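Novice: The structure's right below; bear with me while I get my questions together.
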Amino acid sequence: MSQSLLIAKIFDIPVKLHWSFGLLLLIIPLALQGMGLNTKEIIFITVLVLGVFACVVMHEFGHALTAKHYGVTTKDIILLPIGGVARLNRLPEKPLHEFLIAIAGPAVNVVIAALLMPYFLFNPLSEHLVGSQPILNFETWSDLIPALLFINVALAVFNLIPAFPMDGGRVLRSLLSMKTSRLMATNIAVRVGQLFAVLFIVYAFNNNGLGLGLIGVFIFVAARQELANIRFESNLEQFTAGEVFHSKFSRLQSKDQMQIPFGYLKRVEEYNFLVFDENLSRTGFGSQDLIGTLNEKSIIKAVEDSDLDASILDYTNQNPLPGLSPNESLKSVYEKLHEHSHSILPVLDNGEILGVIDFHILNRFLDFQRKLKKGKVATKK
Ligand SMILES: [Zn+2]
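Each step along the sequence shown adds one to the number in this note's numbering, with nothing skipped, and position 42 is 44.
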């Protein structure tokens with residue numbers, strides 16, 4: 003999702019627009035023009051689409067702010083043509099918290115709909131319905147209110163379908179996790195979601211509903227992805243930092259030149275490094291003189307800028323550096339690597355650095371574990 007444009011930062015959470023959304027804004031007016039609508043109607047519908055996306059953003063902030071309340075940070079909120087995604091940095095531990103975070107989004111749409119309700123005190127509902135189908139009038143701006151109201155109700159209902167990646171899937175999983183393990187709960191929720199997906203696809207086939215069919219396929223794929231994520235996570239929970247860290251690692255001196263880490267990187271020995279300086283001590287690991295980290299990207303940047311004579315200090319990331327304990331689970335290691343700007347973290351015991359872990363080390367370990375499970379690695383008999 004790197005092809006997204008940062009449009010705002012609200013409550014310190016980046017809100018990004020996926021490039022395909024820009025395309026949508028271009029296509030809608032053209033498509034509407036093709037349908038023979040006049041300029042006024044096109045402007046109305048474009049404003050309505052923007053209004054709907056404002057509601058989607060509020061929905062996502064419903065998730066993100068509830069998550070924040072329970073100590074879970076949000077990486078970013080991405081707006082896609084099919085809706086929004088609040089990407090949380092991790093799953094909340096307690097099922098009740100997951101439930102509340104998941105339900106908060108649709109709850110926002112219910113609140114918006116309720117706030118728009120008084121409109122019908124002054125305008126009879128029947129004016130906006132043909133049978134039970136809502137119709138759009140575009141006479142005055144206030145005609146947008148019933149449209150937004152209907153759409154918010156639809157957003158709440160659609161999101162509560164008990165299938166991943168919809169909020170309803172998370173609601174179901176959290177309720178099941180109160181009685182069983184998260185892996186088992188996800189397994190059941192994924193199956194329920196896939197059942198819904200199949201029903202959608204069958205219905206779409208019989209009724210020529212292409213849109214619903216696509217949603218069905220999307221849900222089916224997303225449900226499998228969620229199961230893979232949770233399996234990965236429960237794999238991580240089985241191991242500790244102490245089983246994974248590399249005890250052989252280079253200790254870069256901040257006053258040395260960038261040539262040195264480039265040499266290590268070139269030989270594909272190490273990718274990310276700890277940086278030390280006897281005169282500076284900022285990370286709290288005073289006796290060890292550890293001041294920060296240097297990552298692969300910075301070294302490559304130095305190469306590209308022909309800046310290998312620069313001191314390592316110039317490229318060192320000196321943000322606060324979290325330490326890992328040997329008995330910390332790999333899940334927590336994974337989260338710390340994701341949440342902090344550092345690509346490598348030290349494993350500490352009583353302030354002593356035992357070794358390091360970065361994503362390369364983590365992935366190599368997990369790869370090996372997978373091969374062990376599949377029996378690809380010969381074990382001693
Ligand atoms: Zn949601």
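Beta carbons: idealized from backbone N, C-alpha and C, even for Gly.
The structure displayed is predicted, hence computed values, not measured ones.
(1) Could you tell me if the beta carbon of Asn161 falls within a distance shorter than 7 angstroms of some heavy atom in ligand 1?
(2) Measure from the C-beta of Lys303 to each C-beta in chain C and report whether the shortest distance is under 8 angstroms.
(3) Please list, in chain order, all residues of the same chain as His340 whose beta carbon is under 7 angstroms from its beta carbon, the five residues on each side excluded.
(4) Measuring only the C-alpha atoms, how far is Ile99 from Gly73?
(5) Pull up the distance between the alpha-carbon of Val58 and that of Ile80, whole angstroms please.
(6) If we ignore side chains and look at the alpha-carbon of each, how far apart do Ala10 and Phe166 end up?
(7) Measuring straight from C-alpha to C-alpha, what distance separates Gln5 and Glu141?
(8) Among Pro164, Leu117 and Leu185, which residue has its Cα nearest to the Cα of Gln196?
(9) For Ala304, which residues of its own chain have a beta-carbon under 8 angstroms away from its beta-carbon, when the five flanking residues on both sides are left out?
(10) Would Gly357 and Phe251 be called neighbours here (beta carbons separated by less than 8 angstroms)?
(11) Decide if Phe124 is buried, meaning its Cβ has at least 16 other Cβ atoms within 10 Å, or exposed.
(12) Would the C-beta of Asp169 count as close to ligand 1, meaning under 7 angstroms from any of its heavy atoms?
(13) Evaluate the contact criterion for the stretch 218-226 versus the stretch 323-334: three or more CB pairs, one atom per stretch, below 8 angstroms.
(14) When you compare the CB positions of Ser256 and Ile293, do they come within less than 8 angstroms of one another, or not?
(15) Does the stretch 150-165 come close enough to the stretch 114-121 to have 3 or more Cβ pairs within less than 8 angstroms?
(16) Mind reading off the beta-carbon distance from Arg89 to Lys70? Whole number of angstroms is fine, and I expect it under 8 angstroms.
(17) Looking at the structure shown, is Ala165 part of a helix, part of a strand, or coil, going by DSSP?
(18) Whose C-alpha, out of Leu146, Leu185, Ile346 and Asn40, is nearest the C-alpha of Glu95?
(19) Taking Cβ to Cβ, would you say His344 is nearer than 8 angstroms to Asn319?
(20) Would Pro324 and Leu296 qualify as a contact pair, given that the criterion is a beta-carbon distance under 8 angstroms?
(21) Are the beta-carbon atoms belonging to Gly107 and His65 less than 8 angstroms from one another?
Specialist: Reading from the atomic positions:
(1) yes
(2) Checking the listed chains, one finds no chain C in this structure; it contains a single protein chain.
(3) Asn91
(4) Checking the sequence shown, residue 99 turns out to be His, not Ile. Roughly 10 angstroms between the two C-alpha positions.
(5) 10 angstroms
(6) 27 angstroms
(7) 38 angstroms
(8) Pro164
(9) Met260, Phe264, Leu310, Ala312 and Tyr317
(10) yes
(11) exposed
(12) yes
(13) no
(14) yes
(15) yes
(16) Arg89 to Lys70, Cβ: 13 angstroms. No contact.
(17) coil
(18) Leu185
(19) yes
(20) no
(21) yes
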